[in-house]
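J.:
Numbering (our numbering), first residue to last: 7 to 460.
1) Unbroken beta strand (DSSP E) runs of length 3 or more, entirely within the region 370-456: which are they?
2) What does a CB cutoff of less than 8 angstroms around residue 49 pick up in its chain, not counting 5 residues either side in sequence?
3) In chain order, what residues of the same chain lie with their CB nearer than 6 angstroms to the CB of residue 296, ignoring the 5 residues before and after it?
4) Quick one: using the 10 Å Cβ neighbour count with 16 as the cut-off for buried, is residue 316 buried or exposed?
5) Jot down the residue ranges of each uninterrupted alpha helix (DSSP H) in the region 122-187, minimum 4 residues, whole runs only, in chain order.
6) Hey, could you find the ends of the beta strand (DSSP E) residue 254 is sitting in?
7) Quick one, are the C-beta atoms of residue 150 and residue 22 less than 8 angstroms apart?
8) On the DSSP letters alone, give me the boundaries of the alpha helix (DSSP H) that residue 353 sits inside.
9) Would DSSP call residue 204 helix, strand or coil?
10) In the DSSP output, which residue or residues are listed as bridge partners for residue 15?
11) Buried or exposed: which applies to residue 458, given that a residue is buried once 16 or more other Cβ atoms fall within 10 Å of its Cβ?
12) Give the range of the alpha helix (DSSP H) segment to which residue 77 is assigned.
13) Would you list the residues sitting across from residue 283 in a DSSP beta bridge?
14) Please confirm if the region 146-160 is in contact with the region 172-188, defined as three or more CB-CB distances below 8 angstroms between the two stretches.
15) Whole-angstrom Cβ separation of residue 356 and residue 427, contact assumed at under 8 angstroms?
16) Would you kindly work out how many angstroms separate the C-alpha atoms of residue 91 and residue 119, rounded to a whole number?
17) Which residues in the same chain as residue 248 place their Cβ atom closer than 8 angstroms to its Cβ, once the five residues preceding and following it in sequence are excluded?
18) Are the CB atoms of residue 400 and residue 362 nearer to each other than 8 angstroms?
19) Can you have a look at residue 197 and say buried or exposed, based on whether 16 or more other CB atoms are within 10 angstroms of its CB?
20) When the distance is taken between beta carbons, is residue 255 closer than 8 angstroms to residue 288?
21) With 16 as the cutoff for other CB atoms within 10 Å, does residue 29 come out buried or exposed?
22) Buried or exposed for residue 89, going by 16 or more other Cβ atoms inside 10 Å?
23) Decide if residue 330 is buried, meaning its Cβ has at least 16 other Cβ atoms within 10 Å, or exposed.
24) Inspect the CB distances between the region 430-437 and the region 210-226 and report whether three or more fall short of 8 angstroms.
25) Among residues of its own chain, excluding the 5 on either side of residue 277, which ones have a beta-carbon nearer than 8 angstroms to its beta-carbon?
26) Does the Cβ of residue 352 have 16 or more other Cβ atoms within 10 Å, making it buried, or fewer, making it exposed?
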């Protein structure tokens, strides 16, 4: 009998729980009896991960974030090394976490971009998490977000110990907006061909080490809504004779003072036909100023996830449980349409062929271009969405009202374009994204799996 092998999975970004652990992938992975799975999480979240994902061959290790000045220095250096349109927008919008004026100080960074991982390997201290490697002797490390500082540090430790590293690009904007690699994984796992080409053209990653798996948590979308319409409406507290649309706010961190989302909710409220409710689906990681709007009986504020200490006025530390993800799927599935900012919910809703309107104007209060939602139209990761025709952009309140009326009259409008858009983002809609991700893991571990062909 082969000895048991240990897999480390780094789970520090709040969306990992939804994207990976709540997907069918994790249940398939746990079925490998010759495998011990260690989830490495923030110590304050250990109980959450134990409750939702622990047990059996899954162990949860809670650790402190042990980052130093060199970690942040290299993060700034790597951010300055990528000169994309998205990086330029982020700097002008004062988003992200670069200190000082890293872009100007490291003006020479693009010239040494390929050397940054080598410098990181030589200079940045190791052994901060040596106790984990010595306790478990892992055969493989899976970083679920290749740009997260904790994923980077653990991958750094693994590389020096001869442990193979698989790295996942967590989201569609990461390769154009997060900067360069500090640690290059042995294999890079991506959602689609668009992200693969970003890895090759922007970061110089060899196509031989890139694996496309699709979007694993979309696999369960094949089954439709986890909640029946009756179950969902009962929990929402609305009658079965009612309908609802969803608004996905932009969030406070994009504004000095967020008046935009409250104003958009009020604009949409005035557009609601009789018998309609508005569900305001807040982003899990961003607070949203919505003072007063919750008093309207037709407006339902949906604040998802479990919130942890460290949340503030501009960002929140939140985790999504499997039940939270089921709720989101059910809300989108039973909705009439989505109105949103620039969010992945545009693809999630289109997955169920729901019409999507993206807001491309600044509600009631004029905003400086640095904070204007109009600037979001320029981000590189959103260009395939715009070009697909699968969503419509409302450039004014009048356009929003016209599109709203159009889609309520004929929700099939743009349906084929939505399907094509989702296919490009999701790679395949065959329900086997989880199996393709599992294939990457078991191949790297050189173990057998009771999986179906992928």
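In this text, a Cβ means the ideal position worked out from N, Cα and C, and glycines have one as well. Keep in mind it's a predicted model, so treat the numbers as computed, not measured.
T.: Once the coordinates are examined:
1) Entirely contained in the region 370-456, the beta strand (DSSP E) runs reaching 3 residues are, in chain order, 398-400.
2) Stepping through the chain shown from its first residue, residue 49 is reached at position 43. For residue 49, where only same-chain residues beyond five positions count, the Cβ hits under 8 angstroms are 68, 69 and 70.
3) Taking the first residue of the chain shown as 1, we reach residue 296 at position 290. Excluding sequence neighbours, residue 296 sits near 268.
4) Counted from its first residue, the chain shown places residue 316 at position 310. Counting other Cβ atoms within 10 Å of its Cβ, residue 316 stays below 16 and is therefore classed as exposed.
5) Taken in chain order, the complete alpha helix (DSSP H) segments of 4 residues or longer contained in the region 122-187 are 122-129, 136-142, 155-166 and 180-183.
6) For the purposes of this step, residue 254 is taken as residue 248 along the chain shown, with counting starting at 1. For residue 254, the enclosing beta strand (DSSP E) starts and ends at 249-254.
7) On the chain shown, residue 150 is found 144 positions in, with the first residue counted as 1. On the chain shown, residue 22 is found 16 positions in, with the first residue counted as 1. A Cβ-Cβ contact shorter than 8 angstroms links residue 150 with residue 22.
8) Taking the chain shown and counting its residues from 1, one reaches residue 353 at position 347. 351-357 is the extent of the alpha helix (DSSP H) around residue 353.
9) As a first step, residue 204 is located in the chain shown; it is residue number 198 there, counting from the start. In the structure shown, residue 204 sits in a helix (DSSP, three-state: H, G or I).
10) On the chain shown, position 9 is the one that residue 15 refers to. Note: residue 15 sits in a beta bridge opposite 45 and 148.
11) Looking up residue 458 in the chain shown gives position 452. Below a pLDDT of 50, predicted positions are generally treated as unreliable, and residue 458, at 37, falls in that range; the measurement from the model is reported next regardless. Exposed.
12) The sequence position of residue 77 within the chain shown is 71, counting from 1. 75-86 is the extent of the alpha helix (DSSP H) around residue 77.
13) Reading the chain shown from its first residue, position 277 is the one you call residue 283. The secondary-structure analysis by DSSP pairs residue 283 across a beta bridge with 250.
14) Contact holds between the region 146-160 and the region 172-188, because three or more Cβ pairs, one in each stretch, are under 8 angstroms apart.
15) Numbered from 1 along the chain shown, position 350 holds the residue referred to as residue 356. Numbered from 1 along the chain shown, position 421 holds the residue referred to as residue 427. About 6 angstroms separates the two Cβ atoms, so the contact holds.
16) By 1-based counting over the chain shown, the position of residue 91 is 85. By 1-based counting over the chain shown, the position of residue 119 is 113. Cα to Cα, residue 91 sits roughly 17 angstroms from residue 119.
17) For this step, residue 248 is matched to residue 242 along the chain shown. Excluding sequence neighbours, residue 248 sits near 239, 281, 282 and 283.
18) Within the chain shown, residue 400 is the residue found at index 394, counting from 1. Within the chain shown, residue 362 is the residue found at index 356, counting from 1. Judged by their CB atoms, residue 400 and residue 362 are not nearer to each other than the 8 angstroms cut-off.
19) To locate residue 197, count along the chain shown from 1; it is residue 191. Classification for residue 197: buried.
20) What you label residue 288 is simply residue 282 of the chain shown in a count that begins at 1. What you label residue 255 is simply residue 249 of the chain shown in a count that begins at 1. Contact: yes.
21) Position 23 of the chain shown, counting from 1, holds the residue named residue 29. Buried is the call here.
22) Reading the chain shown from its first residue, position 83 is the one you call residue 89. Residue 89 is exposed by the Cβ-count criterion.
23) Position 324 of the chain shown, counting from 1, holds the residue named residue 330. Within a 10 Å sphere around the beta-carbon of residue 330 sit 16 or more other beta-carbons, which makes this residue buried.
24) Taking a cut-off of 8 angstroms for Cβ pairs, the region 430-437 and the region 210-226 touch, as three or more such pairs fall below it.
25) Here residue 277 refers to the residue found at position 271 of the chain shown. Same-chain partners within the cutoff: 406, 407 and 410.
26) One-based indexing of the chain shown puts residue 352 at position 346. Buried, by the Cβ-count rule.
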